[in-house]
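See below for the structure under consideration.
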Amino acid sequence: AFIRKRNMYYICPNIVLPLTKNERLAFADLAGPSVVDWFVSHYWGMPFKHFVGSIDKHAKSVAGADWKKVSYWVCTFSNNQWKVADEVGNGDWHESSFFKALRSGVCKGTAMVLDDQALPLTRSWCLFEVLQTRLLEEDDPKFAGLLLCTSSGVLNYGTASMDAATALAQRLSTLRLQDAQASCLEDKQMIESLVESMSGGFEVMNDFV
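The working numbering numbers the first residue of the sequence shown as 821 and each following residue consecutively.
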């Protein structure tokens, strides 16, 4: 009840950093790390209640009664927030924690948490995650690809509400991934270059989503 509509921009400095201050580790390292099952792509500005509800629905969709055993890689908790530059690879995306988690060999797929504005798809690092997801899907037939998750259900499985599905469909029909933004201009330029270097570039990426 205390967190509710607060988002990761509140949770990280006010909860994650104070809890990890003494050890200066990632929250997951303190809480007890586990092997990643699913990579979570999300926007930090999304209400935490919506985020949790969406992951809850995804876990129950993919694991049924064993949903509590599903492990997720969430940057807020899995990254060491005291060493953010290191976590994003110090300019080398091959060394970023995002890339390593997705390419770990055990990650089953990407769960993207969406609201009706599809805000994660307006962020450059989420675009990077979508790109890597698409490449992984091509390389590994067992990789589940990109699952679109809402607090009412998973769109890919037809379990989301009609309202959520309709709102997202309308939004995605006009969304241009090349308009994605980042707080760091260098990150934005690096990710755009990666997409443009891929066969088909942004046109293929927009079709993929």
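Quick reminder that beta carbons are idealized off the backbone N, C-alpha and C, glycines included.
CA nearest to the CA of residue i, picked from the options
{"i": "C969", "options": "S1017, G865, A984 and Q990", "result": "A984"}
{"i": "K877", "options": "L837, W913 and V933", "result": "V933"}
{"i": "P1020", "options": "L951, V890 and N834", "result": "The sequence as given places Gly at residue 1020; Pro does not occur at that position. Of L951, V890 and N834, the residue nearest in Cα terms is L951."}
{"i": "A851", "options": "K920, F897, D936 and T953", "result": "F897"}
{"i": "S916", "options": "Q1009, S993, L1005 and N900", "result": "N900"}
{"i": "C927", "options": "W902, E1012 and P961", "result": "P961"}
{"i": "C1004", "options": "T979, A980, N910 and L992", "result": "N910"}
{"i": "D1007", "options": "E843, A905 and Y863", "result": "A905"}
{"i": "L997", "options": "K903, M866 and P940", "result": "P940"}
{"i": "W902", "options": "K825, I875 and C832", "result": "C832"}
{"i": "Y892", "options": "E1023, A879, F919 and L967", "result": "A879"}
{"i": "R824", "options": "N834, F871, Q990 and L956", "result": "F871"}
{"i": "S971", "options": "N834, D857 and K869", "result": "K869"}
{"i": "T979", "options": "Q1009, K841, V882 and E907", "result": "V882"}
{"i": "S854", "options": "I875, C946 and K888", "result": "K888"}
{"i": "D935", "options": "M866, L845 and Y830", "result": "M866"}
{"i": "G973", "options": "L988, G965 and F963", "result": "L988"}
According to DSSP, residues forming a beta bridge with residue i
{"i": "A967", "result": "With the sequence shown as reference, residue 967 is identified as Leu, and Ala is not the correct amino acid for it. Bridge partners of L967: A931."}
{"i": "Y892", "result": "W858"}
Coil, strand or helix - residue i by DSSP
{"i": "F859", "result": "strand"}
{"i": "R943", "result": "strand"}
{"i": "W913", "result": "helix"}
{"i": "V926", "result": "coil"}
{"i": "G973", "result": "strand"}
{"i": "N887", "result": "In the sequence on display, residue 887 carries Trp and not Asn. W887 falls in the helix class under three-state DSSP."}
{"i": "D1001", "result": "Rather than Asp, the amino acid found at residue 1001 in this sequence is Gln. In this structure, Q1001 counts as strand in the three-state DSSP scheme."}
{"i": "S881", "result": "helix"}
C-beta contact flag for residue i and residue j at 8 Å
{"i": "V860", "j": "V894", "result": "yes"}
{"i": "L995", "j": "A931", "result": "no"}
{"i": "W858", "j": "M828", "result": "no"}
{"i": "Q1001", "j": "T942", "result": "yes"}
{"i": "L967", "j": "G929", "result": "yes"}
{"i": "V1015", "j": "A921", "result": "no"}
{"i": "L992", "j": "V1029", "result": "yes"}
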